[in-house]
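Below is one structure, written out as structure tokens; comments come after it.
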Amino acid sequence: MPPDRTPPPEIVCTGLGKTFQGGTEAVQALDLTFESGQTTALVGPSGCGKSTLLRMIAGLEEPSSGSVSIGGAAPLETRKRAGLSVAFQDPSLLPWRSVHGNIALALKLARKPVDSHSIDQLIQLVGLDGFADARPAELSGGMRQRAAIARALATRPGLLLLDEPFGAVDELTRQQLAQDLPRIWEAQGTTTILVTHSVSEAVLLSDRVIVLSPRPARIVTDIPIVLPRPRTQEMARDRTAADLIEQVFSALSDSKSEAEKPLAAQ
Amino acid sequence: MTLTAERGLRLLRPRIRRPDAWLGIIVVLLGWEAAGHVLTDSYVVAAPSQILLYLANEWQLMLRALWVTLGNATAGFVLGNLAALVLAALASAWPRSERVVTGLALIVFCLPLVATGPILRVFFGPGNGPQIVLAALAVYYTTLIPLLVGLRAAPDSWFDLVRSYGRGRFSALVHVRAMAALPYLFTGLQIAAPAAFLGAMVGEFTGSERGMGVLTIRALRALDVEMTWALATVATAVAILAYLLIGALARRILLEDPPVILAMPTQAVGASAAWRDTGLVVLLVLLAWAGAIWLFDLNAFFAKGPIDVVEALFVDPDAAQTRAALGKALGETAMFLIPGYLAGLAAGAGLAMLLTLVPALSHTAMPLAIALRSVPIVTTAPLVVLLLGRGAIGTITLVAIMVFFPTLVACLHGLRQTPGQIFDVFDSFAAGPLTRLFRVRIPAMLPAFFAAARMAVPASVLAITVAEWLATGGGIGSLMALSASLSDYDMLWSSVVLVSVLSALGYALVAFVEQHVLTIYAPEQI
Chain L
1 MPPDRTPPPE IVCTGLGKTF QGGTEAVQAL DLTFESGQTT ALVGPSGCGK
51 STLLRMIAGL EEPSSGSVSI GGAAPLETRK RAGLSVAFQD PSLLPWRSVH
101 GNIALALKLA RKPVDSHSID QLIQLVGLDG FADARPAELS GGMRQRAAIA
151 RALATRPGLL LLDEPFGAVD ELTRQQLAQD LPRIWEAQGT TTILVTHSVS
201 EAVLLSDRVI VLSPRPARIV TDIPIVLPRP RTQEMARDRT AADLIEQVFS
251 ALSDSKSEAE KPLAAQ
Chain G
1001 MTLTAERGLR LLRPRIRRPD AWLGIIVVLL GWEAAGHVLT DSYVVAAPSQ
1051 ILLYLANEWQ LMLRALWVTL GNATAGFVLG NLAALVLAAL ASAWPRSERV
1101 VTGLALIVFC LPLVATGPIL RVFFGPGNGP QIVLAALAVY YTTLIPLLVG
1151 LRAAPDSWFD LVRSYGRGRF SALVHVRAMA ALPYLFTGLQ IAAPAAFLGA
1201 MVGEFTGSER GMGVLTIRAL RALDVEMTWA LATVATAVAI LAYLLIGALA
1251 RRILLEDPPV ILAMPTQAVG ASAAWRDTGL VVLLVLLAWA GAIWLFDLNA
1301 FFAKGPIDVV EALFVDPDAA QTRAALGKAL GETAMFLIPG YLAGLAAGAG
1351 LAMLLTLVPA LSHTAMPLAI ALRSVPIVTT APLVVLLLGR GAIGTITLVA
1401 IMVFFPTLVA CLHGLRQTPG QIFDVFDSFA AGPLTRLFRV RIPAMLPAFF
1451 AAARMAVPAS VLAITVAEWL ATGGGIGSLM ALSASLSDYD MLWSSVVLVS
1501 VLSALGYALV AFVEQHVLTI YAPEQI
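First to last, the protein sequences are chains L and G. Residue numbering for the first sequence follows my numbering, starting at 1 and increasing by one per position. Residue numbering for the second sequence follows my numbering, starting at 1001 and increasing by one per position.
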């Protein structure tokens, strides 16, 4: 696979906010830049609006205020030239297609040539060798998520959006994927935005961790992760990494207790 | 989530696997045989052996008739399903049109075949036209409804996936919607195949030269018990075969068995939108009605437009008599229709509940009930009348049977919808089977029950009008048949309008009750 020559896009969110019908404010006017080629993890308490933010960046959710620019283009434009892919929280595999068929469909939708050989390579990479012809119903939850990740990678997008993609993946595979995936997106040259619940995963996978407050989502802290690559699981036990993990944890619990203050005061 | 869109439905195969079920069938056949011989002189029952003997002797006659009816049914099946596909595609491509499309479809479905048959006969003259049109009318609704449900059955995230690659509605239709709707299409086709056969037979009742319907009329007039039973047996066998054949085809093509579809879930909309859509449907019906008469330049003696009907009912010198005749006939019909409808609902729901208390039985009952639901009950109407007489009991029973099977299937299906975890909670409190039935299963069953109750309204009207026409000689069905043979077209068209409107109103009334009950018991389904 020859590496893509165009540099990965920079994503700029300007005053990006979302208020749902009925008045629930999910995201509060965010100004945020995701640098070209970087991996950024978004962490925050459940229901804080992380997924909504991700969906607005993909243009799947219309923002109530502000705008998103992906390398200077609007999300819709980027989607139309297959410049992004999303790995959804729910793997969203079509049940009547095999693993191979689901990945091929993404290429078809993206109007890219369907190269069976590189699909097989991806299947192998996410540890599903031997399951290319299996249908989603025959796979475990974790295997389905891995298939969805392979599908997201298949179109070699400039922007990769991952919404808790490892939720149902078992711990061992998770560690393996955490080692392998960054290599791919480095080789492919992607800007990656990852929504996750796991603090250690956020630290080990990304160049930057952004901690969001409970709903409506605001930026609590923005922590650069300066760790050498390739990262390994052993690094989690290193002093630096452990400190970073601790830092993210305390930012998370601060933001939570801050949000609960008004209640406690009553 | 709609009640019909749930995924991972259990396999529902109309196959009888257990030896005890076979034993049951053998016992029934033996009892039938005995009854046939004991009651030989009462002109009621033909024994299985007598039916077989008749079929062996008259196989050429039967085969010729069957061939004609099958041809008409097939033509109607193809046309009706094509219409359903086009309508579903329209509603899917333009979602705002969906309520109007289904509203129009319901009105046309509520047209009494008994009266549209003779009207079509005059329109087409001799030949196969009416049979084919009636077969098409009998099937398009049964396909349209599952198809609409199926087109909405895919989860949102699948559409997000398509959108995330910058593709629009058309790609979503091709790659997601169409495939997701395929099992639902098969469900519709499975019910449509026997319905097409029924439609073709009713078309033949209206004065065709050949076919199963013609033979049925002849057998009834001649009080030929063996012939009547033989015809009903062949019609039933064809219906079950068609049902099984499409089921087998579906299993070859699909990954899972077709889902059980009960009815279109009602959609809660604002009152103003509901009135607007209803008004639009009425307007379109009137336009299409008047437009067709004008377009085909139909003879004013037989083709009555909306204004003619209003005049016949309110302006003409004999308007009061017309109204009185219609009122009397409708009253007679209601006397049998309403008890039969309610009895069918009660029996269907009651048996379903009883079966859940004896789970072993329900495994056998479900496939049987599904297969029997496909039998065009109306083609066996002559038998029910032979067995139970031309009076109240026979008519009420026929309506009840017509309502019973779909209700039983729907309720059995609904009773299975309770999530397993809820039972785990009840088990943790050591709740008995009755507590589970009343606290969990019945509330979970209500949406399916009401869906069946709604669909049963037009079905029961069809049953009673056919019975009145063929056998009892009372009520609106008989009035329509009489008007057709006397060429009293004012009366005939007025009856068509009244019966259609009343059926649609009955449907709406059940939907209204349904909305209110579901708000309490199943708010997530509204």
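All C-beta atoms in this analysis are idealised placements derived from N, C-alpha and C, irrespective of residue type, glycine included. Keep in mind that this is a model prediction, so the values were computed, not measured.
- DSSP links Thr-1102 of chain G through a beta bridge to no other residue.
- Gly-66 of chain L is not a Cβ neighbour of Thr-191 of chain L, given a cutoff of 7 Å.
- Excluding its 5 nearest sequence neighbours in each direction, Pro-1130 of chain G has C-beta neighbours in its own chain below 7 Å: Gly-1117, Leu-1120, Arg-1121, Phe-1124, Gly-1203 and Thr-1206, listed in chain order.
- For Glu-171 of chain L, the enclosing alpha helix (DSSP H) starts and ends at 171-188.
- Your pair Thr-1142 of chain G and Gly-1188 of chain G checks out as a contact, with CB atoms roughly 6 Å apart and the cut at 8 Å.
- For Val-1225 of chain G and Ala-1508 of chain G, the gap between their C-alpha atoms comes out near 40 Å.
- By the 16-neighbour rule on beta-carbons within 10 angstroms, Gln-1190 of chain G is buried.
- The three-state secondary structure of Ser-206 of chain L, taken from DSSP, is coil.
- In this structure, the beta-carbon distance from Ile-1132 of chain G to Asn-1072 of chain G falls below 7 Å.
- Note on Thr-1236 of chain G: 16 or more other CB atoms within 10 angstroms of its CB, so buried under the neighbour-count rule.
- Contact with chain L is absent for Tyr-1184 of chain G, since none of that chain's Cβ atoms lies less than 7 Å from the residue's Cβ.
- Looking at the DSSP output, Lys-18 of chain L bridges to L:Val-27.
- Within the DSSP secondary-structure output, Val-43 of chain L pairs in a beta bridge with L:Val-211.
- Taking a contact to require three or more Cβ pairs closer than 8 Å, the stretch 177-184 of chain L and the stretch 134-141 of chain L do not qualify as touching.
- Less than 7 Å divides the Cβ of Met-1445 of chain G from the Cβ of Gly-1414 of chain G.
- Between the beta-carbon of Ala-26 of chain L and that of Pro-216 of chain L there is about 6 Å, and that keeps the pair under the 8 Å contact cut.
- Around the Cβ of Leu-1434 of chain G, a 10 Å sphere holds fewer than 16 other Cβ atoms; the residue is exposed.
- At a cut-off of 7 Å between beta-carbon atoms, Arg-1169 of chain G makes no contact with chain L.
- Taking a C-beta distance under 7 Å as the contact criterion, Val-209 of chain L and Ala-41 of chain L qualify as a contact pair.
- Close CB contacts of Gln-233 of chain L within its chain, under the 8 Å cut and outside five residues either way in sequence, are with Gln-175, Ala-178, Gln-179 and Leu-204 (chain order).
- Per the Cβ contact rule, the stretch 1307-1320 of chain G is not in contact with the stretch 1473-1487 of chain G (fewer than 3 Cβ pairs under 8 Å).
- Residues of the stretch 90-105 of chain L that bring their beta carbon within less than 8 Å of a beta carbon in chain G comprise Asp-90, Ser-92, Leu-94, Pro-95, Trp-96 and Leu-105, in sequence order.
- The secondary-structure analysis by DSSP pairs Leu-84 of chain L across a beta bridge with L:Leu-159.
- Legend: CB atoms of the stretch 67-87 of chain L lying less than 9 Å from CB atoms of chain G belong to residues Leu-76, Glu-77, Thr-78, Arg-79, Lys-80, Arg-81, Ala-82, Gly-83, Leu-84, Ser-85 and Val-86.
- The beta carbon of Arg-1163 of chain G sits closer than 7 Å to some beta carbon of chain L.
- Linking Leu-1498 of chain G to Leu-1462 of chain G through their CA atoms gives a straight-line distance of about 14 Å.
- DSSP, read as helix, strand or coil, puts Ala-217 of chain L in strand.
- With respect to chain L, the C-beta atom of Trp-1158 of chain G has a partner C-beta closer than 7 Å.
- By alpha-carbon distance to Arg-97 of chain L, the top candidate from L:Ala-148, L:Thr-14, L:Asp-243 and L:Glu-164 is L:Ala-148.
- In the structure shown, the three-state DSSP call for Ser-36 of chain L is coil.
- Remark: fewer than three beta-carbon pairs, one from each stretch, lie closer than 8 Å, so the stretch 1442-1457 of chain G and the stretch 1078-1096 of chain G are not flagged as touching.
- Residue burial annotation: Glu-1514 of chain G is buried, with at least 16 other C-beta atoms found within 10 angstroms of its C-beta.
- The CB of Leu-109 of chain L comes closer than 9 Å to the CB of Leu-1161, Val-1162, Ser-1164, Tyr-1165, Gly-1166, Arg-1167, Ser-1171 and His-1175 in chain G, given here in chain order.
- Relative to the Cα of His-1175 of chain G, the nearest Cα in the group G:Arg-1163, G:Tyr-1184, G:Val-1038 and G:Leu-1185 belongs to G:Arg-1163.
- At a cut-off of 7 Å, the C-beta of Met-1179 of chain G has a neighbouring C-beta in chain L.
- Assignment of beta-bridge partners to Pro-224 of chain L by DSSP yields L:Arg-208.
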